[in-house]
Amino acid sequence: MKKDKKTPESKPIETPEQELYVHQKAPRSYNYQSFLIPTLAVLTGLIIGAFFIVFTDLKVLPYYQQFFKDPLAALLVSWQAIVKAYGALFAGSIGSFPAFFAAVQVYFASGDPSALYKAIYPFTESLVASSPYILTGLAVAVGFRGGLFNIGAEGQFFMGALGSAFVGYSLKGVSPAIHLPLAILGGAIAGGAWAFLPGLLKAKTGAHEVVTTIMMNWIAFRLSDWLLNGPMKATGYRPLTPVIEESAMLPRFFPEPLRFHWGFFFAIGIAFFIWWLLFKTKIGYEIRAVGANPNAAKYAGMNISNNIILIMVVSGALAGLGGAVQVLGTDHWVGQGFSAGFGFDAIALALIGNSHPLGVVLAAILFGVLRGGATSMQSLAGIPIDIISVIQGLVIVFIAAPIIIRAIYRVGAPHKEEVVHARGWK
Amino acid sequence: MPKVLELSGITKRFPGVLANDHIDITLNKGEILALLGENGAGKTTLMNILYGLYKPDEGTIRVNGKEVSIHGPTDAIAQGIGMVHQHFMLIPVMTVTENVMLGVEQTKGGVILDKVSVEKRIREISDQYGLEVDPSAYIKDIPVGTQQRVEIIKVLFRHAEILILDEPTAVLTPQEVEGLFQVIHSLIDKGKSIIFITHKLKEVMEIADRITVLRQGKSVGSVRPKDSNPEKLATMMVGRDVNLTVEKTEAKPKGVALEVNDLYVRDERENLTVNGVTLDVHLGEILGIAGVQGNGQTELVYALTGLSKPEAGEIKILGETLKKPTPRKILEKGVAHVPEDRQKHGLILSFPVYDNLVLCTYYLPPFSKGVTLQEKTIISTAEELVDQYSVRTPNVYVNASTLSGGNQQKVIIARELSRPTKLVIASQPTRGLDVGSIEYIHKQIVKKRDEGTAVLLVSPELDEIIALSDRIAVMYKGRIVDVVPGIRVNRQYLGLLMAGISVEEALSTTPRQTTEAEVERVF
Chain R
-17 MKKDKKTPES KPIETPEQEL YVHQKAPRSY NYQSFLIPTL AVLTGLIIGA FFIVFTDLKV
43 LPYYQQFFKD PLAALLVSWQ AIVKAYGALF AGSIGSFPAF FAAVQVYFAS GDPSALYKAI
103 YPFTESLVAS SPYILTGLAV AVGFRGGLFN IGAEGQFFMG ALGSAFVGYS LKGVSPAIHL
163 PLAILGGAIA GGAWAFLPGL LKAKTGAHEV VTTIMMNWIA FRLSDWLLNG PMKATGYRPL
223 TPVIEESAML PRFFPEPLRF HWGFFFAIGI AFFIWWLLFK TKIGYEIRAV GANPNAAKYA
283 GMNISNNIIL IMVVSGALAG LGGAVQVLGT DHWVGQGFSA GFGFDAIALA LIGNSHPLGV
343 VLAAILFGVL RGGATSMQSL AGIPIDIISV IQGLVIVFIA APIIIRAIYR VGAPHKEEVV
403 HARGWK
Chain E
6 MPKVLELSGI TKRFPGVLAN DHIDITLNKG EILALLGENG AGKTTLMNIL YGLYKPDEGT
66 IRVNGKEVSI HGPTDAIAQG IGMVHQHFML IPVMTVTENV MLGVEQTKGG VILDKVSVEK
126 RIREISDQYG LEVDPSAYIK DIPVGTQQRV EIIKVLFRHA EILILDEPTA VLTPQEVEGL
186 FQVIHSLIDK GKSIIFITHK LKEVMEIADR ITVLRQGKSV GSVRPKDSNP EKLATMMVGR
246 DVNLTVEKTE AKPKGVALEV NDLYVRDERE NLTVNGVTLD VHLGEILGIA GVQGNGQTEL
306 VYALTGLSKP EAGEIKILGE TLKKPTPRKI LEKGVAHVPE DRQKHGLILS FPVYDNLVLC
366 TYYLPPFSKG VTLQEKTIIS TAEELVDQYS VRTPNVYVNA STLSGGNQQK VIIARELSRP
426 TKLVIASQPT RGLDVGSIEY IHKQIVKKRD EGTAVLLVSP ELDEIIALSD RIAVMYKGRI
486 VDVVPGIRVN RQYLGLLMAG ISVEEALSTT PRQTTEAEVE RVF
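Line order of the protein sequences matches chains R and E.
If you're matching positions, the first sequence starts at -17 in this note's numbering and goes up one per residue.
If you're matching positions, the second sequence starts at 6 in this note's numbering and goes up one per residue.
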């Protein structure tokens, strides 16, 4: 967007001030810190996580009792524990490169893909886990951009899953071209509707969305208990919905047990759409204006109430889509406890991603990887799965308090205003 | 006279900016030194160095002839330096006593706050210096002028000998300014020394013993008021000749742009603050609303611009009464609004300058096409406006928060005045701005009038109203008390009305207009 020559009609009004001030046309500068700080926060989280790994490892502790006799041994054993734990995390979430290359060779030699499938299994599973994360993360991020703190993504996720499942199993004999979009839409509508109520209450009565969305979460959990034990229960003893029709399933790329499905690319597409909506359209301009300064938004003639409702509905619909992707792509049915923290972790995702769609996608992949690797870390290295929660928690602390990261790595404070994350009580 | 404070060779660099460039300043005992300079001239940086909030890159500070190093406010206070900030550092839900003792709490037995003895000292201080306050009053219940007195008591309570007053008159009414000046004189009488930071020339001429002018981080020189005049000071301050009077021809008013009949408006606390206002503004004239702040001007403007709903009454814009007037409908009728609070209403500080320049028109072509924003058009328009209205910004991509107050205001002025408008409602358009910016904005407003736009100017600065207005309405307690022609208006008469004196009574002491045109300075 360079403008080298001044057009004649934009000739400045003659003020002597012009002489004092030479107007420079410096190019747009991007804020690299919005990438740098989260990256450093993740790194620091992993480093501190390593200490936890060492100090919770019973095999390592005896060496520390003799630390002064043989410090090298203690350090060596610690290092081995860390390498083993993170190695298992890596193997469980991304896979092993030698195995992958060997599998590729086998495939070209014999045409047998089974080894290849096995090699890519860990990484595809991580992506499967990150797909709903992307969507719920976007849900919270849109709320933050609009100045609203949607804690209700968990409930909206659950309602979206139930909505999708209902469309998925109740319609029968429909072409996938119609059934799948309908099922996805069902999730978006259910999630959006669940967020509409808090939005309406905020817009009309000023009820704080944090309180109302938490309430709506509990209503969603209890409502789902009833639905899964009653109207939506499949035949059998367990409180589950029936398995959805094949026509409503998101197609998978590989045969069982690989579950990698279109949901991941769908989520990326939605992220791109949200980026376009937020930053390239007048709807997004209004959302961001209302979020950053509602007084100025009102001054500019924007309708604050309508925007609040819109933001909540879009946010809820995104969380609902997360539920849809999880049920239509991964699980194919809904049971109790289905939401499994996807909506709550989303708050962390939005924070790490600085409420930017690209940031949310990257953070969601990270969380998918951590979630995918946690199980193998426990089974292969004997590290408690909770270490992953500790690392996630540390990352969030560092994101929420960037001053710590700035102090450790001596990163200067940016001149730019940080994005406004939801305002307080008013 | 002994020197109580000597700053020599103070230099402070920020990334890309030389905020203070070898500044030398001396303060004698019992002296009022005015530190004069435009926004961004380095006054605040210098005082923050003195107060220990910044560390100087070079230079020394001497207090009573002894070199000291100040690492924080605690050190500054220990050296007898006290600062009264422009934005008060008071806790509204605490009493005066509690605020004064905050940080230096005196206790009985180490636990119980000794409010009684603190209260006694506050009374002593307030008697000694004529600082009237009620120690048991809550900060939230007392007027701004009194809050400032509490701030002064706070520094005196900490035994300050040198007082720094940072833009102390910015938030005060004319009467409160008088009161402050009396306090300053009594402080001087008791041997205190004062540094008075300001950019208002008139005040400087009135109160200072000596004036040091800063420009772009450098000290341009020191003068005594009797050897100088406002024009000379302004030239020193801005670095070029400044026209302190607004040049304008006689207004050629045409049709009615705004007609207000018997308007009643309630404020947020449900108080009836606009109490039956009737007025009209014609195309091609500037109607100024004079009045001490808080007499319903804010609520009147809110009602006129659709930000709040009037209780009763009629608002006609270009002869038409809008049904359900919203800010957008009013805007689309050709009304521009320069809001009173630029950071609350006028700008979205976390948005780049170019987004702020289309805040009111982003949804219209050519800035929007369908649902998509036309970023290229928005940016190129913004670049033109930034040039045209000489907004000092590195580029249009930086956030509005990075601009100085004057340049933020220029962004708003550029946005509101560049649109084709029939009526401009400008509320305190130059609040807190420096001479250069004020001069510029006044020119723009007069230019807009000459193009045939109606202007409703609201300002508590009587000088500004007199300098710009073709007709002046005085507002007191929610009513328009009188409307007088702006030409040869008698300031004294306006002052009396603003203070609540009735028209008859005011007329019995002084006429509406003077016989001879008085050249009014804006500053």
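All C-beta atoms, glycine included, are put in the ideal place defined by N, C-alpha and C.
Can you find the residues in the same chain that come closer than 6 Å, C-beta to C-beta, to residue i, ignoring five residues on each side of it along the sequence?
| i | result |
| --- | --- |
| valine 4(R) | Only weak support is given to the placement of valine 4(R): the predicted model assigns it a pLDDT of 39, under 50, and the value that follows is read from those uncertain coordinates. Closer than 6 Å at Cβ, skipping near neighbours: no residue. |
| lysine 321(E) | Glu264 |
| leucine 219(E) | Gly42, Ala46, Gly47, Lys48 |
| glycine 311(R) | Leu232, His243, Gly245 |
| aspartate 329(R) | First, the residue type needs correcting, since residue 329(R) is isoleucine and not aspartate in the sequence shown. Hits under 6 Å: Val122. |
| leucine 376(R) | Gly27, Ile30 |
Pick helix, strand or coil for residue i, following the three-state DSSP scheme.
| i | result |
| --- | --- |
| histidine 190(E) | helix |
| valine 4(R) | Interpretation of valine 4(R) is limited by its pLDDT of 39, a score under 50 that renders its predicted location unreliable; the figure taken from the coordinates is listed afterwards. Note: valine 4(R) maps to coil in three-state DSSP. |
| tyrosine 269(E) | strand |
| histidine 27(E) | strand |
| valine 486(E) | strand |
| methionine 210(E) | helix |
| histidine 204(E) | coil |
| proline 357(E) | strand |
| histidine 350(E) | helix |
| leucine 292(E) | strand |
| glutamate 252(E) | coil |
| alanine 39(E) | strand |
| asparagine 234(E) | coil |
| isoleucine 291(R) | helix |
| alanine 253(R) | helix |
| arginine 270(R) | helix |
| threonine 377(E) | strand |
For the candidate residues the options, whose alpha-carbon lies nearest to that of residue i?
| i | options | result |
| --- | --- | --- |
| threonine 250(E) | Gly500(E), His447(E), Leu238(E) | His447(E) |
| alanine 213(E) | Val376(E), Gly35(E), Tyr367(E) | Gly35(E) |
| leucine 222(R) | Asn211(R), Glu228(R), Ser229(R) | Asn211(R) |
| glutamate 238(R) | Leu40(R), Ala389(R), Lys100(R), Ser78(R) | Lys100(R) |
| leucine 312(E) | Leu327(E), Ile294(E), Thr331(E), Thr151(E) | Thr331(E) |
| alanine 172(R) | Ser229(R), Leu205(R), Tyr391(R), Tyr68(R) | Leu205(R) |
| valine 247(E) | Ile471(E), Asp439(E), Gln379(E) | Asp439(E) |
| lysine 159(E) | Thr203(E), Val121(E), Ile86(E) | Ile86(E) |
| lysine 113(E) | Gln518(E), Ser122(E), Thr151(E) | Ser122(E) |
| threonine 382(E) | Ser395(E), Arg397(E), Val396(E), Thr366(E) | Thr366(E) |
| isoleucine 200(E) | Leu32(E), Leu268(E), Asp232(E) | Leu32(E) |
Let me check one thing: in DSSP terms, what residues is residue i bridge-paired to?
| i | result |
| --- | --- |
| valine 228(E) | Ile216(E) |
| aspartate 285(E) | Glu264(E) |
| arginine 476(E) | Leu292(E), Pro490(E) |
| histidine 243(R) | Arg234(R) |
| asparagine 33(E) | Lys8(E) |
| leucine 277(E) | Arg271(E) |
| glutamate 63(E) | Thr16(E) |
Residues in the same chain with beta-carbon distance under 7 Å from residue i, minus the five sequence neighbours each way, listed in chain order, please.
| i | result |
| --- | --- |
| lysine 408(R) | Because the pLDDT at lysine 408(R) is just 36, under 50, the model does not fix this residue reliably, and the point stays unresolved. |
| glutamine 6(R) | Residue placement at glutamine 6(R) is poorly supported in this model, since its pLDDT is 45, which falls under 50; the coordinates still yield a value, given next. Answer for glutamine 6(R): no residue qualifies. |
| phenylalanine 320(R) | Phe140, Ala143 |
| valine 295(R) | Gly174, Ala177, Phe178, Gly181 |
Using C-beta distances below 8 Å, list every residue in its chain close to residue i, excluding the 5 sequence neighbours before and after it, in chain order.
| i | result |
| --- | --- |
| histidine 90(E) | Glu156, Asp171 |
| alanine 73(R) | Pro104, Gly355, Ser358, Leu362 |
| serine 157(R) | Ser229 |
| glycine 317(R) | Leu210, Arg220, Pro221, Leu222, Thr223 |
| valine 272(R) | Gly128, Gly129, Ala279, Met284, Ile286, Asn289, Ile290, Ile293 |
| isoleucine 390(R) | Leu22, Thr26 |
| valine 88(R) | Asp94, Ala97, Leu98 |
Original post:
Which ranges does the beta strand (DSSP E) cover as unbroken runs of at least 3 residues, wholly within the segment 78 to 120 of chain E, from first to last along the chain?
Top reply: List check, beta strand (DSSP E) in window: 86 to 89.
Original post:
Which ranges would you report for the beta strand (DSSP E) in the segment 300 to 331 of chain R if only whole runs of at least 3 residues count?
Top reply: Every candidate beta strand (DSSP E) stretch fails here, since none sits fully inside the segment 300 to 331 of chain R while reaching 3 residues.
Subject >> Whole runs of the alpha helix (DSSP H) within the segment 3 to 88 of chain R, excluding any shorter than 4 residues >> reply: Taking 4 residues as the minimum length, the alpha helix (DSSP H) runs contained wholly in the segment 3 to 88 of chain R are 15 to 38, 43 to 47, 53 to 75, in order along the chain.
**OP:** Return the chain-ordered ranges of every alpha helix (DSSP H) run that is complete within the segment 137 to 218 of chain R and spans a minimum of 4 residues.
**Re:** Listed in chain order, they are 158 to 187, 191 to 211.
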